[in-house]
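*Asks:* Supplied in structure tokens, the structure appears directly below.
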């Protein structure tokens, strides 16, 4: 699977040029066979260094390498994949806080999207 389409790459690069913003994640990568989820908001001009929320045991904001993710070889000829249905919808700060509270990005997804679907009080 191609981890980044040209469109996603351009969006990540544009975000990378606008540092100091609370960007919405552009892409979600995941290990289809176990632990490992990454939400990327920015791509450096080097074309390899991504910034976002990484969860390989404990969620934390930081930098990770597209090349390293692409080179991971899992059993059955599989590798890290891109969630083609993912829509960030919320700034990375919301994702980070939800993941810290829930203990993982996967658990945070359920919480964040359930809260978004809940009817607003007083409306």
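In my numbering, the protein residues as written are 18 to 140. Glycine included, each C-beta is placed from N, C-alpha and C at the ideal position.
1) Beta strand (DSSP E) containing residue 121: first to last residue?
2) Suppose you measure from the CA of residue 111 to the CA of residue 58; what does that come to, to the nearest Å?
3) Can you confirm whether the segment 33-44 touches the segment 58-77 when touching is taken to mean that 3 or more C-beta pairs between the two stretches lie within less than 8 angstroms?
4) Using the Cβ count rule (16 or more neighbours within 10 Å means buried), how would you classify residue 52?
5) Please report how far the alpha carbon of residue 102 lies from the alpha carbon of residue 132, in whole angstroms.
6) Cβ of residue 20 within 8 angstroms of Cβ of residue 83?
7) In whole angstroms, what is the alpha-carbon distance linking residue 93 and residue 136?
8) Is the distance from the Cβ of residue 72 to the Cβ of residue 122 below 8 angstroms?
9) By DSSP's criteria, residue 110 is part of a beta bridge. Which residues make up the other side?
10) I need the boundaries of the alpha helix (DSSP H) containing residue 64, first residue and last residue.
11) According to DSSP, residue 27 sits in a beta bridge with which residue or residues?
*Replies:* Walking through what the data contain:
1) From DSSP, residue 121 is part of no beta strand (DSSP E); its letter is neither H nor E.
2) Put simply, the backbone Cα of residue 111 is about 13 angstroms away from that of residue 58.
3) yes
4) exposed
5) 19 angstroms
6) Yes, they are a contact pair.
7) 43 angstroms
8) yes
9) Looking at the DSSP assignment, residue 110 forms no beta bridge with any residue, so it has no partner.
10) No alpha helix (DSSP H) holds residue 64; DSSP gives it neither H nor E.
11) Paired residues: none, contrary to the question.
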